[in-house]
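Everything on this sheet refers to the single structure shown next.
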Amino acid sequence: MFLVNVDVPNGHLFVRSYSESIHDIFHTINNTVRRRDRECGEVLQCRSKLLSGKGSFPDVRRLLAYSSSMSFPLRFFCNPRGNINNIPLELTISFLINCSRDIGIDISRVNDISEENGQWFLFNLDNEHTCMLNIAPKCEMMNNEYSFKSLSFHSFGIGDLYTTRLDED
1 MFLVNVDVPN GHLFVRSYSE SIHDIFHTIN NTVRRRDREC GEVLQCRSKL LSGKGSFPDV
61 RRLLAYSSSM SFPLRFFCNP RGNINNIPLE LTISFLINCS RDIGIDISRV NDISEENGQW
121 FLFNLDNEHT CMLNIAPKCE MMNNEYSFKS LSFHSFGIGD LYTTRLDED
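Here the sequence shown is numbered in our numbering, starting from 1 and rising by one per residue.
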């Protein structure tokens, strides 16, 4: 007797004999659930540390694997003299903070992050959804016409923390 096991999200088809497959399938599912439960607990601790203001870049990096991401270019000056790009950068940050507070969203700057990783902000949208915002540290050129810094949004919900975006099992 054979048992056919179809893993739908990955599209894999496994055919095994009945006697060995029940034990193997239960063992695999049990190990996967235990691993995901442990990882989910660790990721929730990272989220809690960030929301309490005690988080650091390793916590941000860990949450990125569970996030949906979008990036937008922000125009800046090419080859500026002095700190002229600090003016539009501070205006952008001020605008984001003021607009988010006007609509009742908690925002906080993630501390303990080196300049090479850019500036990170955490938006607590509600009890279940969180968004991280990153403003890239360096300007890039687009089509040799203008320079920009990347503004990236990374959002996730509590339900997203159970599996990473790249999880295969």
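A virtual CB, placed ideally from N, CA and C, is assigned to each residue, including glycine. Quick caveat: nothing in here was measured; it's all calculated off a predicted structure.
How is residue 157 classed by DSSP in three states: helix, strand or coil? In the three-state DSSP reduction, residue 157 falls in the strand class (E or B).
Straight-line gap, residue 72 to residue 26 (C-alpha atoms, nearest Å): Their Cα atoms are separated by approximately 45 Å.
Looking at C-alpha atoms only, which residue of 57, 31 and 35 is the closest neighbour of residue 164? Closest in C-alpha terms to residue 164, from the list 57, 31 and 35, comes 35.
Taking the Cβ atom as the reference point for each residue, do residue 152 and residue 124 lie within a distance shorter than 7 Å? The answer is no: Cβ separation not under 7 Å.
Would you mind sorting residue 63 into buried or exposed? The rule is 16 or more other CB atoms within 10 Å of its CB. Its Cβ being crowded by 16 or more others within 10 Å, residue 63 is buried.
Cα separation between residue 89 and residue 139? Their backbone Cα atoms lie some 11 Å apart in a straight line.
Note down the Cα distance separating residue 108 from residue 129, rounded to an integer number of angstroms. Here the alpha carbons of residue 129 and residue 108 stand approximately 15 Å from one another.
Cβ-Cβ separation, residue 44 to residue 149 (assumed contact under 8 Å), whole Å: Not confirmed; about 31 Å, so no contact.
Return yes when the Cβ of residue 110 is within less than 7 Å of the Cβ of residue 122, no when it is not. Closer than 7 Å, so yes.
Does the beta-carbon distance from residue 48 to residue 154 come in below 7 Å? No, these two residues do not count as a Cβ contact at 7 Å.
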